[in-house]
Amino acid sequence: MVDAQFSQSDDAKMAIGQISGLMGRVQRSVSYFVASAILIYASAYDLRSPALIALTIGILGLTSASAKVGQLGIAILLLLAVFSPEMLGQLSTGLKSLAG
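Quick note, the sequence shown lines up with residues 434 to 533 if you use my numbering.
This is the structure we're talking about:
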């Protein structure tokens with residue numbers, strides 16, 4: 434009888450470990466979604482379907498392998514939020530004049 438209780442305890446510990454791992458991935462996914470949504474709405478660019486872009490980046494946060502791609506997406510959105518279209522236009526004009 435002691436063995437049955439011991440194995441149930443191990444099963445419970447394993448289930449709790451799996452649930453906590455899942456909750457961490459869900460938390461990362463929600464964080465990626467919120468961060469990308471904020472950056473999309475803060476940028477001066479007229480992006481098509483901003484909610485779908487934020488949802489896609491949030492879904493990328495669910496697994497550790499695709500989380501790096503989600504981080505890259507957030508970094509790109511951060512650059513779009515920092516640099517306005519006019520600033521990028523001036524930068525490209527300046528680079529063209531330097532190139533000759």
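Note that beta-carbon positions come from the ideal geometry of N, C-alpha and C, so glycine has one too.
Predicted model, so just to flag it, every value in this text is computed and none were measured.
{"Query": "Touching by the beta-carbon criterion (3+ pairs, under 8 angstroms), the region 466-484 and the region 496-515", "Result": "yes"}
{"Query": "Exposure of residue 473, with buried meaning 16 or more beta-carbon neighbours within 10 Å", "Result": "buried"}
{"Query": "Burial state of residue 469, where buried means 16 or more other Cβ atoms lie within 10 Å", "Result": "buried"}
{"Query": "Residue from 499, 530 and 532 whose Cα sits closest to the Cα of residue 458", "Result": "499"}
{"Query": "Residue 495 (DSSP reduced to helix, strand or coil)", "Result": "coil"}
{"Query": "Unbroken stretches of the beta strand (DSSP E), 3 residues or longer, contained in the region 437-471", "Result": "none"}
{"Query": "Three-way DSSP call (helix, strand, coil) for residue 477 in this model", "Result": "coil"}
{"Query": "Nearest neighbour of residue 495, chosen from 509, 475 and 455 [CA to CA]", "Result": "455"}
{"Query": "Cβ-based burial, residue 517 [other Cβ within 10 Å; buried from 16]", "Result": "exposed"}
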